[in-house]
Amino acid sequence: MIYSKVIIIGGGPAGSTCGWKLKQNGIECLILDKQEFPRTKLCAGWITPRVINDLKIDINDYPFSLAEFNKFHVHIYNKELIIKVRQYAVRRYEFDHWLLQRSGVNIYTHEVKHIKKDGDYYVIDDFYYCKYLVGAGGTFCPVYRTFFRDIHPRAKDLLVVTLEEEFPYDYFDANCHLWFLRNKLPGYSWYVPKNNGYLNVGIGGFAEKLKANNDNIKNQWQFFINELERLSLVKNHRFNAGGYVYYIRNRVDAVQKDSIYLIGDASGLATRDMGEGIGPAVKSGILAAEAISSGKPFSLGPVRKYSFSRYRTAAKLFVAYLINKRAGIE
Ligand SMILES: Cc1cc2nc3c(=O)[nH]c(=O)nc-3n(C[C@H](O)[C@H](O)[C@H](O)COP(=O)(O)OP(=O)(O)OC[C@H]3O[C@@H](n4cnc5c(N)ncnc54)[C@H](O)[C@@H]3O)c2cc1C
């Protein structure tokens, strides 16, 4: 049997950040992940400066692709607005592996199947045991399934379905494009070029709303790739998209039960406006580590529910609309 004071299940941004912080605080921990890293994680890889800041990353030291955007091309219905921003995009294949290695925590490749409580300990698959357990296993996290499903039910109407593909592509448009409400998609679609010749394109929308419209994500994907072709953003590519689901942040925030903590997608934390999940995963990982280290209760209070201030975004959109109108880009 292997013992560690803390065991984190899942080595994505939530788990690796929690481990990194625990290690800094001198707390013994290990991470279990069912996949060997580097591993593919379906994700556009868009991150905000807040993530860079929370992770204390010096962008000059980051050894992989880090695209920086100072504007977004936002398409709403048939209007295109150019909005000034400062945002980044990484390739999750590289970023997650780098974060995990940087954490300095021991990692075991193991798919967690069963977890039980035995006195003051948690026993995982009769082999690993710990005093503190952290669930960072994403949407299908076994910690969520075993201990939180009843006290933290997920709302069906907050389930987002996605299809996306990241592939090497000699793109000619290095801008980031976002399309909202196109073809009645209850969500948005994206075109995110990465620095080292990779392109990420994808769509995400609320599952229940798609169903209510007698629509589905595959139809929407077909429409989207036709649009990419029509706009000459992607030409002559044989698409092979992958799908994944995750939850937008709910009202219910039960994320601690005895010495078990739930972080990242396992607790459904993606922001309500943009479905941004990396930032909330990182922040919740830091907060869980601080709670374990200090013995204070764990709360998601400081994890932002929205990526952008709604008032500032509305104002930016309005100003962008006026500028575009003046320049005749209506
Ligand atoms: C198509 C798509 C695009 C997205 N784009 C963005 C974006 O641009 N920006 C953004 O901020 N967010 C985006 N998100 C959301 C973001 O990807 C997630 O919110 C984020 O990855 C959550 O991190 P996490 O560490 O909680 O979970 P994950 O990154 O999912 O990591 C969970 C880890 O747990 C492991 N695991 C699962 N089950 C077990 C088990 N039984 N035993 C052991 N290990 C297990 C998995 O192998 C995985 O490595 C996107 C999501 C999707 C689906």
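Okay, so the sequence shown: first residue is 10 according to the numbering used here, each after it adds one.
Note that beta-carbon positions come from the ideal geometry of N, C-alpha and C, so glycine has one too.
Remember, predicted model here, so these are calculated numbers, not experimental data.
Mapping DSSP to helix, strand and coil, what is N115? As a position in the sequence shown, residue 115 is number 106, starting the count at 1. N115: strand per DSSP, three-state reduction.
Under 7 Å between the Cβ atoms of L90 and D182? Here residue 90 is taken as the residue at index 81 of the sequence shown, counted from 1. Here residue 182 is taken as the residue at index 173 of the sequence shown, counted from 1. For the pair L90 and D182, the CB atoms are not nearer than the 7 Å cut-off.
Using only CA atoms, which one of I160, R111, T26 and K266 lies nearest to N259? Here the question's residue 259 lines up with position 250 in the sequence shown. Of the listed residues, the one whose Cα sits closest to N259 is I160.
Just to confirm the assignment, what range does the alpha helix (DSSP H) spanning C27 have? Locating residue 27 in the sequence shown gives position 18, where the first residue counts as 1. Unbroken alpha helix (DSSP H) run through C27: P22 to Q33.
What did DSSP end up calling K125 once you bin it into helix, strand or coil? Here residue 125 refers to the residue found at position 116 of the sequence shown. DSSP places K125 in strand when its eight states are reduced to three.
Please state whether DSSP places Y178 in a helix, a strand or coil. Residue mapping note: residue 178 aligns to position 169 of the sequence shown, counting from 1. Looking at Y178 - three-state DSSP - the assignment turns out to be coil, as it is neither helix nor strand.
Name the one or two DSSP bridge partners that A279 has. As a position in the sequence shown, residue 279 is number 270, starting the count at 1. A279 is bridged by DSSP to I257.
Within the chosen definition, does the stretch 141–157 reach the stretch 303–318 through at least 3 CB pairs nearer than 8 Å? Cβ pair count under 8 Å is below three, so no.
The stretch 10–25 touching the stretch 109–120, judged by at least three CB pairs closer than 8 Å: With the cut-off at 8 Å, the stretch 10–25 and the stretch 109–120 touch.
Can you look up V15 in the DSSP assignment and give me helix, strand or coil? The sequence position of residue 15 within the sequence shown is 6, counting from 1. Residue state, collapsed to three classes: strand.
Any heavy atom of ligand 1 within a distance shorter than 6 Å of the CB on G35? By one-based count along the sequence shown, residue 35 stands at place 26. Not so, every heavy atom of ligand 1 lies at least 6 Å from the Cβ.
Please determine whether the Cβ atom of D262 lies at a distance below 6 Å from any heavy atom of ligand 1. Counting from one through the sequence shown, the residue named residue 262 turns up at place 253. Judged by the Cβ position, D262 fails to qualify as a neighbour of ligand 1 at the 6 Å threshold, every heavy atom of the ligand being at least this far.
Taking 6 Å as the line, does the beta carbon of C38 fall inside it for any heavy atom of ligand 1? Stepping through the sequence shown from its first residue, residue 38 is reached at position 29. Checking every heavy atom of ligand 1 against the Cβ of C38, none is found closer than 6 Å.
Mapping DSSP to helix, strand and coil, what is T155? What you label residue 155 is simply residue 146 of the sequence shown in a count that begins at 1. Under the three-state reduction of DSSP, T155 is assigned to helix.
Taking 6 Å as the cut-off, is the C-beta of K50 nearer than that to any heavy atom in ligand 1? What you label residue 50 is simply residue 41 of the sequence shown in a count that begins at 1. Because some heavy atom of ligand 1 lies under 6 Å away, the Cβ of K50 counts as near it: yes.
My output table needs one value for P202: the three-state DSSP class, helix, strand or coil. On the sequence shown, position 193 is the one that residue 202 refers to. Strand.
Span of the beta strand (DSSP E) holding A269? Within the sequence shown, numbered from 1, the residue matching residue 269 stands at position 260. It is Ile, not Ala, that sits at residue 269 in the sequence shown. Residues I269 to L271.
In three-state terms, what does DSSP make of N209? Along the sequence shown, one-based indexing puts residue 209 at 200. Note: N209 maps to strand in three-state DSSP.
Contact belief for L168 with V264 at Cβ below 8 Å, rounded distance in angstroms: Position 159 of the sequence shown holds residue 168. Position 255 of the sequence shown holds residue 264. Incorrect: roughly 19 Å between the Cβ atoms, too far for contact.
What are the start and end residues of the beta strand (DSSP E) that includes Q96? To locate residue 96, count along the sequence shown from 1; it is residue 87. Per DSSP, Q96 is one residue of the beta strand (DSSP E) stretching across K88 to V99.
Quick check: what's the CA-CA separation for N204 versus N249? As a first step, residue 204 is located in the sequence shown; it is residue number 195 there, counting from the start. As a first step, residue 249 is located in the sequence shown; it is residue number 240 there, counting from the start. Near 21 Å, if we compare the C-alpha coordinates of N249 and N204.
Take the Cβ of E339 as the centre, count every other Cβ of all protein chains shown within 10 Å, and call the residue buried at 16 or more, exposed below. Working through the sequence shown from its first residue, we reach residue 339 at position 330. Because E339 carries a pLDDT of 46, less than 50, the predicted location of this residue cannot be relied on, and the following value inherits that uncertainty. E339 counts as exposed, since fewer than 16 other beta carbons sit within 10 angstroms of its beta carbon.
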